[in-house]
Amino acid sequence: MDLNTVLHFLVTISCCSIGLRTLISRNNWGWLLVALGILIIMGTSHYFLPQQSGLIGGIFWLIFILIPIIGLGQVNRLVYQEHFGKARGIAIILSWLHPGDGWQKQPQFLKVLALIQKGEIETANTILNRDLNHPNYGFHHTAKALQFRIEANWNDCLSWLQKEIPDSVLWRSPTLATLYLRSLGEVGDLNGLVGIFQARQNQIKNLGSSIPINLARLYVFAFLGEVREVKKLLGSTLKVYPQNLQMFWLATAQMALGNRQEGKNLLLKIREKDIALENAIVHRLSNRLAKVNQTLNPEYLPLINIIKTDLNQEINYGSAVSITPSKANLTYSLMLINVLVFILEITQGGSQNLETLARLGAAIPKEIVSGEPWRVFTANFLHFGYIHLISNMLGLWILSPYVEFYLGWFRYLIVYFFSGIGAISLFAALAIFTGREDDLLVGSSAAIMGLMGATFMILWRGWRQEKSKLAQEKLQLVTIIILLQVGFDFSVANVSFLGHFFGLILGIISTFMILLIGQKNN
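First residue of the sequence shown: 1, per the UniProt record's numbering; consecutive thereafter.
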């Protein structure tokens, strides 16, 4: 297995996945152009420079896919935190890396939003009319919506959205769609809030990230007084929100529940306020929220339970197989240990020196049965060359945080080491049985495949027992990855198919037992 082959595999899978998602969503066509362009460049270079084509494709993938995706996530995070100036600095760089989709105009537009936030409306309108008068990107609509929100002018905002913004525009804009739902809650139309959310939630889910749909859920739960669900959102999918906004929406939920004084106390504790938040607090203190038990039609109560179920399923299954994993201290500790051991390999004679690997604890079947069983443990932290290390750490980074989050650190370690140690032990036993007792095996691949198996089992249970559509969709993705991994193992020399296979099966078995025991205890 060499770097060129690995990069070929990763770039091809990534570009095909991006192209498929674009075709399904029928939105953000610039990503399809980027993916096709990289595949064409890599295919052409494979014809002229076959030994460097994977590296060439990898460089283009890094510059035009990975960096823009990470950067766009950071821009969106800053925008939802209303740090428009910081977001603009990143958007300026991204505007050079992505064709179409309005990215070239984003820096100017973020400047407009920053001006509106400061109250410099005339200057903002001048820039809008001069530089951003493009009907396809809805810059004017978003800017006007921000003005309404800053002024806390909810009646006029709702009237404007209903009368002047067609549905074809409203439900394709994250800002307008979520603002419309908030406006319904602010004016006390709880039936409209719940009914329209239920009717439009699939469209909101397709608006490019998980933030719009979770903002919409936040507004539903807050105006219905569902304090527990608001806390759950702010502690998971919306933890990107700054503390002052989190307190504002917790206060709103308390006031909607009838705990007006408790909500008021939370509002008065908010220290850092911008113009929009100051006006929102004044509006909240001077206007009573609609009483849920007097306003909401009983027929909508089952819908609220459905929305709660959807939220729980997104928290449980939404982060599976993510390239932007959340905080996972144990996972990152394991990655650090692997890197430190790799440095030790280099200092002790080289990571591709078989004698060095054997001395440091590689799994050698005849040594294991001759009184050194500890090798089935130490082999999990050794790697043969930097490509082996990087590919395994990438897999650990993508797969492990979700399993750590779902199972908890202790059960996560059980799956990780049961898969890694068990797979190496089975490999050694089979090697002795077939007369290959001098074979040498190193790497955390088996343990990582165990985490793949754990992810598969968690999603399978979510699909079968909870009937979760999200779990089903993620399960299909994991199944495809497993099939691709099998094909990769067979096509690339020096990759232990049996080690990977044993790790996958042991991960599935151990996770099944853990989930079964947990279910019985509950």
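Quick reminder that beta carbons are idealized off the backbone N, C-alpha and C, glycines included.
Predicted, not measured: the structure shown is a model, and the values here were computed from it.
- The continuous alpha helix (DSSP H) containing Phe417 extends over residues 409-433.
- Taking a 10 Å sphere around the C-beta of Thr434, we find fewer than 16 other C-beta atoms and assign the residue as exposed.
- For Pro373, there is no enclosing alpha helix (DSSP H), as DSSP gives it neither H nor E.
- Excluding residues up to 5 positions away in sequence, Leu285 lie with their Cβ nearer than 7 Å to the Cβ of Lys264 in the same chain.
- Judged by DSSP in its simplified three-state form, Leu441 adopts strand.
- If you draw a straight line from the Cα of Ala222 to the Cα of Gln246, it is about 11 Å long.
- Ala251 sits in a helix when the DSSP states are folded into three classes.
- Of the residues Asn28, Glu226, Met42, the one whose Cα lies closest to the Cα of Leu55 is Met42.
- Within the segment 102-185, the complete alpha helix (DSSP H) runs of at least 4 residues fall at 106-117, 121-131, 139-151, 154-164, 167-170.
- Per DSSP, Glu355 is one residue of the alpha helix (DSSP H) stretching across 354-360.
- Distance from the Cα of Asn27 is smallest, within the candidate group Arg172, Ile69, Leu146, for Arg172.
- Here the alpha carbon of Leu426 sits roughly 35 Å from the alpha carbon of Lys467.
- Taking a contact to require three or more Cβ pairs closer than 8 Å, the segment 328-337 and the segment 347-364 do not qualify as touching.
- In the DSSP secondary-structure assignment, Ala363 is bridged to Leu441.
- It is roughly 22 Å from the alpha-carbon of Ala145 to the alpha-carbon of Gln74.
- By the beta-carbon neighbour count (other beta carbons within 10 angstroms, threshold 16), Gly395 is buried.
- Out of Ser95, Ile304, Ala276, the CA that lies nearest to the CA of Ala199 is found in Ile304.
- When DSSP assignments are scanned along the segment 210-276, no uninterrupted stretch of beta strand (DSSP E) that is 3 or more residues long falls wholly within it.
- Going by C-alpha positions, Gln52 is about 38 Å away from Lys86.
- Rounded to whole angstroms, Met255 and Ala143 show a C-alpha spacing of 30 Å.
- With 16 or more other Cβ atoms from the protein chains shown falling within 10 Å of its own Cβ, Trp61 counts as buried.
- Three or more beta-carbon pairs separated by less than 8 Å link the segment 442-457 to the segment 407-417, which places the two stretches in contact.
- Going by C-alpha positions, Leu49 is about 21 Å away from Val34.
- Under the three-state reduction of DSSP, Phe384 is assigned to coil, being neither helix nor strand.
- Distances from the CA of Ala423 to each of Trp460, Trp409, Gly453, Leu407 were compared; the closest alpha carbon is that of Gly453.
- A straight line joining the alpha-carbon of Glu372 with that of Ile93 spans about 54 Å.
- Nearest to His500 by C-alpha distance, out of Asn392, Gly89, Ile307, is Asn392.
- Taking C-alpha positions only, Thr455 is separated from Asn312 by approximately 17 Å.
- With respect to the C-alpha of Leu357, the residue from Lys111, Pro302, Thr378, Ser319 having the closest C-alpha is Thr378.
- Put simply, the backbone Cα of Tyr317 is about 43 Å away from that of Ile127.
- Note that the C-beta distance between Leu430 and Val321 is not below 7 Å.
- Under the three-state reduction of DSSP, Glu299 is assigned to helix.
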